[in-house]
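FYI, in the UniProt record's numbering the residues of the sequence shown are 1 to 251.
Where a beta carbon is used, it is the ideal one built from N, C-alpha and C, also for glycine.
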Amino acid sequence: MYTGNLLGFGLAVSSSAFIGSSFIIKKKGLQRAASSGTRARSGGYGYLLEPLWWIGMFTMVVGEFANFIAYIYAPAVLVTPLGALSIIVSAVLAHFLLKEKLRRMGMLGCVLCIVGSTVIVLHAPGEHSIHSMEEIWDLATQPAFLLYTASAIAVVLVLVLYCEPRYGKTNMMVYIGICSINGSLTVMSVKAIGIAIKLTLEATEHRVEKAARQAIVSHKKKLQQEGDSINFNRAAVMANWIAMGLELEEL
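Given below as structure tokens:
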């Protein structure tokens with residue numbers, strides 16, 4: 001369990017580094033594209049021809065993949081808060097590379113992110129081990145989880161259909177609520193998919209090892225049978241030669 005948490009922690013931290021730096025790389029690419037054409041916010045697509053923007057996209061994909069693998073080995077309550085470290089990476093890189101000055105309030109926010117992530121990592125609870133796909137399905141169909149899922153979807157629909165048209169431009173909590181509630185469902189979904197992939201790979205590895213052992217045992221038996229046959233033939237030839245020698249002596 002400790003090894004899995006440590007591996008998940010390392011992957012989550014590296015994921016935050018990749019994702020945080022990808023924002024800066026993509027923005028540098030957008031700035032280059034804007035200097036030679038129409039800006040993206042004005043409907044331009046020149047950034048698609050900018051290699052630096054694609055490097056930023058690739059960096060983000062690597063970070064998201066590392067984050068996905070982290071959910072396989074560590075509890076979601078450990079991995080998810082570490083995503084806040086990407087904010088620190090972006091803020092620091094923006095200060096040096098984009099000349100966006102990091103002020104005192106920004107520094108305070110970065111410190112709070114570090115403190116909060118540290119507290120959660122130090123007190124992360126243990127995780128219940130899942131050993132089969134049936135167990136995943138049983139957990140996903142529990143009444144409490146189904147009730148939470150239905151409630152979350154209902155709240156998101158209210159925020160999207162009612163609150164966003166009326167208050168979206170004046171209150172950022174509408175979008176934060178939509179993102180956070182959706183995230184609570186997607187995090188659990190990603191965790192379940194990751195565990196399912198892990199169980200599938202472990203089962204496949206077990207089958208391959210079993211097939212390899214059976215092939216080795218079968219090959220050994222075949223060699224043993226061939227060896228017994230060769231020894232029998234040798235014994236028969238020797239007996240034949242002995243019989244012929246005895247006949248010659250009698251003559």
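Item	Value
Buried versus exposed call for M172 [16 or more other C-beta atoms within 10 Å across all chains shown]	exposed
The alpha helix (DSSP H) enclosing A91, as first and last residue numbers	L85 to L97
Alpha-carbon to alpha-carbon, E64 and F18	8 Å
Cβ neighbours of residue 328 in the same chain (closer than 7 Å, five flanking residues each side left out)	Residue 328 lies beyond the range of the chain shown here (1 to 251); nothing can be said about it.
Nearest-angstrom Cα separation, counted from T118 out to A84	11 Å
DSSP state of N171 mapped onto helix, strand, coil	coil
Sequence ranges, alpha helix (DSSP H) only - wholly within the stretch 135 to 169, length at least 4	143 to 158 and 164 to 167
Member of I55, A70 and A215 whose CA lies at the smallest distance from the CA of I193	A70
I195, buried or exposed, once every other Cβ within 10 Å from all chains shown has been counted against 16	buried
Three-state secondary structure assigned by DSSP to R103	coil
Y73: first and last residue of the uninterrupted alpha helix (DSSP H) it sits in	P51 to Y73
Beta-carbon spacing of L199, M107 below 8 Å	no
C-alpha distance - V77 paired with I120, whole-angstrom precision	8 Å
Residues near T59 by beta carbon distance below 7 Å, same chain, minus five either side	F18, S21, S22 and I25
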